[in-house]
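J.:
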Amino acid sequence: MDPLLTFDDRDGAPRFEEAQCRAAGAGLAEHYRTAEPFPHIVIDGFLDPAILRTVAAAYPDRADKSAFDRDQERRKYQYAPEEIDDARARNLLAQLNARPFLAFLEELTGIAGLVPDPYFTGGGLHETLTGGHLGVHADFNVHRIMRLERRLNLLIYLNDDWRPEWGGDLELWDKAMTGPVASIAPVLGRAVIFNTALDSFHGHPSPLACPPDRSRRSIATYYYTAPEHGVASLPSRTTNFRMRPGTDDRPDRRVAFEHFVRDWIPHRLQPLARRLNRFR
Numbered sequence: 001m002d003p004l005l006t007f008d009d010r011d012g013a014p015r016f017e018e019a020q021c022r023a024a025g026a027g028l029a030e031h032y033r034t035a036e037p038f039p040h041i042v043i044d045g046f047l048d049p050a051i052l053r054t055v056a057a058a059y060p061d062r063a064d065k066s067a068f069d070r071d072q073e074r075r076k077y078q079y080a081p082e083e084i085d086d087a088r089a090r091n092l093l094a095q096l097n098a099r100p101f102l103a104f105l106e107e108l109t110g111i112a113g114l115v116p117d118p119y120f121t122g123g124g125l126h127e128t129l130t131g132g133h134l135g136v137h138a139d140f141n142v143h144r145i146m147r148l149e150r151r152l153n154l155l156i157y158l159n160d161d162w163r164p165e166w167g168g169d170l171e172l173w174d175k176a177m178t179g180p181v182a183s184i185a186p187v188l189g190r191a192v193i194f195n196t197a198l199d200s201f202h203g204h205p206s207p208l209a210c211p212p213d214r215s216r217r218s219i220a221t222y223y224y225t226a227p228e229h230g231v232a233s234l235p236s237r238t239t240n241f242r243m244r245p246g247t248d249d250r251p252d253r254r255v256a257f258e259h260f261v262r263d264w265i266p267h268r269l270q271p272l273a274r275r276l277n278r279f280r
């Protein structure tokens, strides 16, 4: 199967071609915009698997790296482009932020004026080790440096020969958190693109059961727009983890308290509320 998007490598600088990107995005737009529980799409054969295998082989040594290690997310690592030595892997990350790829996303989603994140805040390369997980959550909605609203997530999986019994499926949950509507295995070449909103709940919440010499790997890039009235008009939210019914998931009380402070306590009194909370 030919990949959906190909690299033009005629001059030794691989990049996407804008006309192809626009056509590919437009052809999938209806499927994307009508998907449940929120606009999304799953695309197999998204990019050349040889390119993705190059990226998978370029992961940095995690010996001196700290992983997320709390109830809501455990044994998960993130790597920014500057931590990656392989030039081809860095180039792919750069191309996912370039104009031709933004054209693909805009045609696909109908969201105009998309802005990439040169800071790769929360993005880059992700890796979760056996026993690790990422609880069901909605993502932070404001980029604090760029002062933009988060609108889209792109995930591209890098896992060759991934077995179903290892788990790690990405789950998309309904807005009422009654259950997952979609479950997506993280197999090589599969891309998932979805709208991000305060109720776009997703995660891979069950602990991975892969062998110790394997891990769940993916590329993650995020995209933003400039709200007409600025981000001050938006409710500012950090990553909001939710508990699945009938499980022993634990609430993220720190985040719940922060949202309460931002919503209900006058701005000038918020630093005092945070200090008092530390001494509880």
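One point on numbering: in UniProt numbering, the residue at position 144 of the sequence shown is 144, and numbering is uninterrupted. All residues carry an ideal CB built from backbone N, CA and C; glycine is no exception.
(1) In the DSSP assignment, what residue or residues form a beta bridge with L96?
(2) Can you list, in chain order, the residues of its chain with a C-beta nearer than 6 Å to that of W249? Leave out the 5 residues immediately preceding and following it.
(3) How would you call G12, buried or exposed, if buried means at least 16 neighbouring beta carbons within 10 angstroms?
(4) Under 8 Å: do the segment 159-169 and the segment 91-109 share three or more Cβ pairs, one atom per stretch?
(5) What residue range is occupied by the uninterrupted alpha helix (DSSP H) comprising Q20?
(6) Count the other CB atoms, across all protein chains shown, that sit within 10 Å of the CB of P205; report buried if there are 16 or more and exposed otherwise.
(7) Would you mind listing the alpha helix (DSSP H) stretches within the segment 133-164 that are 4+ residues and don't spill past its ends, in chain order?
(8) Find the nearest neighbour of L155 within the set H202, K175, A226 and S66, judged by alpha-carbon distance.
(9) Please confirm if the segment 179-186 is in contact with the segment 143-151, defined as three or more CB-CB distances below 8 Å between the two stretches.
(10) Residues in the same chain with beta-carbon distance under 6 Å from A220, minus the five sequence neighbours each way, listed in chain order, please.
(11) Is F140 closer than 9 Å to R237 when the C-beta atoms are compared?
(12) Taking only the alpha-carbon atoms, compute the straight-line gap between D64 and S215 and give it to the nearest angstrom.
(13) Please say whether G189 and L52 have beta carbons closer to each other than 9 Å?
(14) Restricting to Cα atoms, I'd like to know which of P245, Y222, A226 and V187 is closest to D174.
(15) DSSP three-state label for D11, please.
(16) What does a CB cutoff of less than 6 Å around A226 pick up in its chain, not counting 5 residues either side in sequence?
(17) Distance check for Y223 and D8, CA to CA, integer angstroms please.
(18) If we cut at 9 Å on Cβ distances, does E83 have a partner in chain B?
T.: From the atom records:
(1) Taking the first residue of the sequence shown as position 1, residue 96 is located at position 96. Paired residue(s): none; L96 is not in a bridge.
(2) For this step, residue 249 is matched to residue 249 along the sequence shown. Sequence inspection shows Asp at residue 249; the Trp mentioned does not correspond to that position. So the qualifying residues of the chain are M243.
(3) Translated into the one-based positions of the sequence shown, residue 12 becomes position 12. Exposed.
(4) No contact exists between the segment 159-169 and the segment 91-109.
(5) Here the question's residue 20 lines up with position 20 in the sequence shown. Counting along the chain, the alpha helix (DSSP H) containing Q20 begins and ends at E18 to R33.
(6) Walking along the sequence shown from the start, residue 205 turns up at place 205. By the neighbour-count rule (16 or more Cβ atoms within 10 Å), P205 is buried.
(7) none
(8) Within the sequence shown, the letter at position 155 stands for residue 155. Closest by alpha carbon: H202.
(9) no
(10) For the purposes of this step, residue 220 is taken as the residue at position 220 of the sequence shown. Counting only Cβ-Cβ distances below 6 Å, and skipping sequence neighbours, we find G123, H126 and L155.
(11) Taking the sequence shown and counting its residues from 1, the one referred to as residue 237 is at position 237. Taking the sequence shown and counting its residues from 1, the one referred to as residue 140 is at position 140. In this structure, F140 lies closer than 9 Å to R237 by Cβ.
(12) In the sequence shown, the residue the question calls residue 64 occupies position 64. In the sequence shown, the residue the question calls residue 215 occupies position 215. In a straight line, the C-alpha of D64 is about 17 Å away from that of S215.
(13) As a working note, residue 52 is residue 52 in the sequence shown. As a working note, residue 189 is residue 189 in the sequence shown. Their beta carbons are under 9 Å apart, which means L52 touches G189 by this criterion.
(14) Start at 1 with the first residue of the sequence shown, and residue 174 comes out as number 174. Nearest of P245, Y222, A226 and V187 to D174, Cα basis: P245.
(15) Within the sequence shown, the letter at position 11 stands for residue 11. Of the three classes helix, strand and coil, the one that applies to D11 here is coil, per DSSP.
(16) For the purposes of this step, residue 226 is identified with residue 226 of the sequence shown, where counting begins at 1. The answer, listed in chain order, is L148.
(17) For the purposes of this step, residue 8 is identified with residue 8 of the sequence shown, where counting begins at 1. For the purposes of this step, residue 223 is identified with residue 223 of the sequence shown, where counting begins at 1. Approximately 23 Å between the Cα atoms of the pair.
(18) No chain B appears in this structure, which consists of one protein chain only.
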